[in-house]
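Numbering (our numbering), first residue to last: 129 to 228. Backbone N, C-alpha and C fix where the C-beta goes; we use that ideal spot for every residue, glycine too. Report on the structure given below.
Here it is, written out as structure tokens:
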């Protein structure tokens with residue numbers, strides 16, 4: 129599971145477990161990516177999908193790898209930072225390693 133909401137936080141002894149779940153909107157977007165874009169292998173289609181869905185982490189990471197393979201490290205790093213930003217926004221402050 130990924131971004132947008134944390135549904136459960138269990139404390140077992142010294143270990144805290146955090147669980148993420150998809151919002152309905154994000155799940156629909158991810159399903160579109162997994163069923164239409166990813167199987168096609170078309171980078172142009174992937175780029176258009178990311179332009180329309182700029183925070184779909186699966187698509188961002190796939191396009192990041194495409195940029196890395198073509199040697200465009202700057203654009204790849206920009207998309208990778210965006211994917212990390214999505215994860216950071218979905219986390220509780222107690223989960224982020226920079227704040228605990």
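Given residue i as reference, the closest of the options once Cα atoms are compared
i: residue 208; options: 198, 186, 219 and 218; result: 186
i: residue 156; options: 219, 215 and 184; result: 184
i: residue 213; options: 174, 175, 150 and 182; result: 182
Chain-order list of residues whose beta-carbon lies under 7 Å from that of residue i (same chain, five-residue window excluded)
i: residue 171; result: 194
8 Å contact criterion, which residue i and residue j should meet: CB distance rounded
i: residue 148; j: residue 211; result: Actually they do not touch by this definition, with Cβ atoms about 14 Å apart.
Beta-carbon contacts of residue i that lie in its chain and below 6 Å, excluding the five residues immediately before and after
i: residue 167; result: none
i: residue 177; result: 165 and 187
Touching by the beta-carbon criterion (3+ pairs, under 8 Å), the region 186 to 199 and the region 159 to 172: Counting Cβ pairs under 8 Å, three or more are found: they touch.
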